[in-house]
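Chains A and B supply the protein sequences, listed in that same order.
In terms of numbering that gives the first Met the number 0, the first sequence has 9 at position 10, counting the first letter as 1, and numbering is strictly consecutive.
In terms of numbering that gives the first Met the number 0, the second sequence has 232 at position 233, counting the first letter as 1, and numbering is strictly consecutive.
2 protein chains.
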Amino acid sequence: MADTTQPAHPARRRYGLRPTMKDVAARAGVGLKTVSRVVNGEPGVTPDTERRVQEAITALGFRRNDSARILRKGRTSSIGLVLEDLADPFYAPLSRAVEEVARAHGALLINGSSAEDGERERELVLALCARRVDGLVIIPAGDDHRYLEPEIAAGVATVFVDRPAARIEADAVLSRSFEGAREGVAHLIAHGHRRIGFIGDLPRIHTAAERLRGYRAAMAEAGLPVDESWVALGPTDPGRVRADAERMLEGREPAAEPVTALLTGNNRVTVTAVRVPAVRERRVALVGFDDFELADLLTPPVTVIAQEPALLGRKAAELLFRRLEGADDAPRRVELPTRLIPRGSGEVPPRS
Amino acid sequence: MADTTQPAHPARRRYGLRPTMKDVAARAGVGLKTVSRVVNGEPGVTPDTERRVQEAITALGFRRNDSARILRKGRTSSIGLVLEDLADPFYAPLSRAVEEVARAHGALLINGSSAEDGERERELVLALCARRVDGLVIIPAGDDHRYLEPEIAAGVATVFVDRPAARIEADAVLSRSFEGAREGVAHLIAHGHRRIGFIGDLPRIHTAAERLRGYRAAMAEAGLPVDESWVALGPTDPGRVRADAERMLEGREPAAEPVTALLTGNNRVTVTAVRVPAVRERRVALVGFDDFELADLLTPPVTVIAQEPALLGRKAAELLFRRLEGADDAPRRVELPTRLIPRGSGEVPPRS
DNA sequence: CTCATGCCTGACAACGTTGTCCACTCCTCT
DNA sequence: AGAGGAGTGGACAACGTTGTCAGGCATGAG
């Protein structure tokens, strides 16, 4: 009956045969709490006892179960990051910066991509809340964040980055999209352009809307009319972007003259636009929002309105940890400047 | 004494004032387990009761505490990903692919960067194990993974990707670095080059070593000697890479003739090498390991040995979940082919 | 030699959930 | 009308850890 042929189990084995503090205590011949003390480096344990416990720990391959610890302590030492796409070269450094700050505060990072889908964002955020992350850094995709209210009330610190929260008050770290776009368009105007196109992201995305607003402001300030065929907002898929660019360059819409310059609304749009022959052949000027690797080595080198994604991430994470440390002043909005980097493509003079 | 001046708490409020199932049960006038049943969609609850419970849940803003759930159930439905640098354009799609697979299996992704530091990798992995992730996908930085043995024995599924595990048997998903590099060098040789340089990553990194081996194999197969000044392994910082490239191009070492072609060992090295004037002016041929965005738009367009980072990630994650579903055959090594994409820079003929 | 004073140590409850198991109600069939 | 069954609801223990608290065992002083 008794399976004494089996080696005596050094520990009770559950699903995945994990020793617990109880097992360690039994093996070391000490009490449960003493093991806890050793594991957590608490004072009040004789060197000799500690040694015995350590030996038992290594012998059994014990590893503290943080789920139980978290349950007991109430803090998880982890933060959640929800962004649009981990693989987007704009968000990758942002995400890395958040991770660095988290690491400096001894927290782990749990992250997920919303794929620009509000519902998916919501699911992800709530899953993270169920895990009881201490805080959240969110690049929002949805247009209503009231679902977060109970979570925030329950003490989950929340910082939005790149785009503000919708319908709730919350901390946000943003780039000055409006000013950046306006400066980019003004740059093109200063180089003689009067018919300028704007190709941007989906209009429901805050940055896209702001950049469009900046575009219109710059045009208006220069007294230039905007033909609506020069404005194209939509998904960043290459086919759409290319089609819109070519349409604007050919002035295919009724009554519209072709544009002589383009402002592209983000790095995804820009890297597609640089493939358009007219850009490569310097028949049209181009200013792109967001800097990107190798922009200076293209033909022509690409003039950009640079943001600092890593700084956005760092600021957001730092603000988050300030909240976690108790700062409870009113939600604040941090705005970071953009920087126009002239490289050539934006200085192409108008042709026609 | 009794703080009856305060509004009666709808729920006991701990650190962060979170209602529990108990609170929901009290408010809905049902038993604890009934709430659990509703929350988990288990059968055996009258529509009317369910409605009452749902109302209580929304009224209190209840959210299940997954720490407690995890503690009870033993599975966390989360996997860990440890890589070198989240922001590296090679690892970003890999990481995204792992996330997609995890999502398809209803698991969350916890990740961290090792910064190519073995000790940091170890800390991160063990922290993830303490969180009781169900499985791990690791791009290893360290050179000894025996520290993982107790974890693997305890049932943590582990898959290595991009580089194999050191000193333990474990699943691994790799690209054929050796063959890729050999093919790249053969390509250069076929275009008439006889003096070819190799600039790679740190020699302790498996892929760097393999690519160097491929380089030597191709040279040997063509009966070409390798001057040791043509081989430079080291960190991927731009200064070092540029210096090594220029040194090789000038044949500055005693008795060494300058190289007429370069093989660069990964995307970080390549994007630095393309800035070297000799490359841009087509005075030296270049083949780069790893494809990268805009490679085809540079001058000259860059010939690369392409890997598929997203496929690496997907295969690794799929293998991981197959393990989690119980597959316990011997550790396997999956090798994915590379693809040489000639674009111009590798077809530059030798000059001198 | 006895007692006070520390310092260690361990028993026990609690964290919030889920699984087991039993009790109860309401219906239907005889 | 009573018995059996199906279906619903709830009490209770357990998951592995940490905080509280009380007890034990030296050591030193009186």
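Quick reminder that beta carbons are idealized off the backbone N, C-alpha and C, glycines included.
Give the range of the beta strand (DSSP E) segment to which residue i is assigned.
i, result
"Val286 of chain B", "284-288"
"Thr263 of chain B", "260-263"
"Ala231 of chain A", "230-232"
"Arg239 of chain A", "Looking at the DSSP string, Arg239 of chain A is not in any beta strand (DSSP E); the run it does join, the alpha helix (DSSP H), is 237-249."
"Val225 of chain B", "Segment: none, Val225 of chain B is in no beta strand (DSSP E) and carries neither H nor E."
"Val333 of chain B", "332-335"
"Leu107 of chain A", "107-112"
"Arg338 of chain A", "338-340"
Residue i touches chain A at which residues, Cβ-Cβ below 7 Å?
i, result
"Asn110 of chain B", "Leu108, Asn110"
"Val270 of chain B", "Glu292, Leu293"
"Glu98 of chain B", "Leu85, Gly111, Ser112"
Name the chain A residues whose beta carbon is nearer than 9 Å to that of residue i?
i, result
"Arg17 of chain B", "Gly73, Arg131, Ala153, Gly154"
"Val273 of chain B", "Leu293, Leu296"
Cβ closer than 8 Å: which chain A residues qualify as neighbours of residue i?
i, result
"Arg95 of chain B", "Asp84, Leu85, Ala86, Ser112"
"Ile69 of chain B", "Ser66"
"Val38 of chain B", "Result: empty, since nearest Cβ-Cβ is about 10 Å, beyond 8 Å."
Report the three-state DSSP secondary structure of residue i (helix, strand or coil).
i, result
"Ala305 of chain B", "strand"
"Phe320 of chain B", "helix"
"Gly199 of chain A", "strand"
"Leu311 of chain A", "helix"
"Leu296 of chain B", "helix"
"Ala103 of chain A", "helix"
"Arg119 of chain B", "helix"
"Glu346 of chain B", "helix"
Buried or exposed: residue i, going by 16 or more other Cβ atoms within 10 Å of its Cβ?
i, result
"Gly222 of chain A", "exposed"
"Gly325 of chain A", "exposed"
"Lys314 of chain B", "buried"
"Gly361 of chain A", "Missing from the structure shown is residue 361 of chain A; chain A here goes from 0 to 351 and no further."
"Thr269 of chain A", "buried"
"Gly238 of chain B", "exposed"
"Asn39 of chain A", "exposed"
"Leu147 of chain B", "buried"
"Val347 of chain A", "buried"
"Arg322 of chain B", "buried"
"Arg131 of chain A", "buried"
"Asp236 of chain A", "exposed"
"Arg26 of chain B", "buried"
"Glu115 of chain A", "buried"
"Asp161 of chain A", "buried"
"Leu248 of chain A", "buried"
"Arg50 of chain B", "exposed"
List, in order along the chain, the chain B residues whose C-beta lies closer than 9 Å to that of residue i?
i, result
"Gly60 of chain A", "Glu148, Pro149, Glu150, Ala152, Ala153"
"Pro373 of chain A", "In the structure displayed, chain A extends from 0 to 351; residue 373 of chain A sits before or after that span and is not available."
Could you give the first and the last residue of the continuous alpha helix (DSSP H) run that contains residue i?
i, result
"Arg212 of chain A", "205-220"
"Val270 of chain A", "266-272"
"Arg279 of chain A", "276-279"
For residue i, go through chain B and note every residue whose CB falls closer than 8 Å to its CB, in chain order.
i, result
"Leu125 of chain A", "Arg62"
State yes or no: is the C-beta of residue i nearer than 7 Å to some heavy atom of the ligand GDP?
i, result
"Glu118 of chain B", "The model depicted lacks the ligand GDP and carries no ligand whatsoever."
Return the chain-ordered ranges of every alpha helix (DSSP H) run that is complete within the segment 122-192 of chain B and spans a minimum of 4 residues.
Counting only runs of 4 or more, we get 148-152, 176-189.
So within the segment 11-98 of chain A, which uninterrupted beta strand (DSSP E) runs reach at least 3 residues, ignoring any that extend past its ends?
77-82
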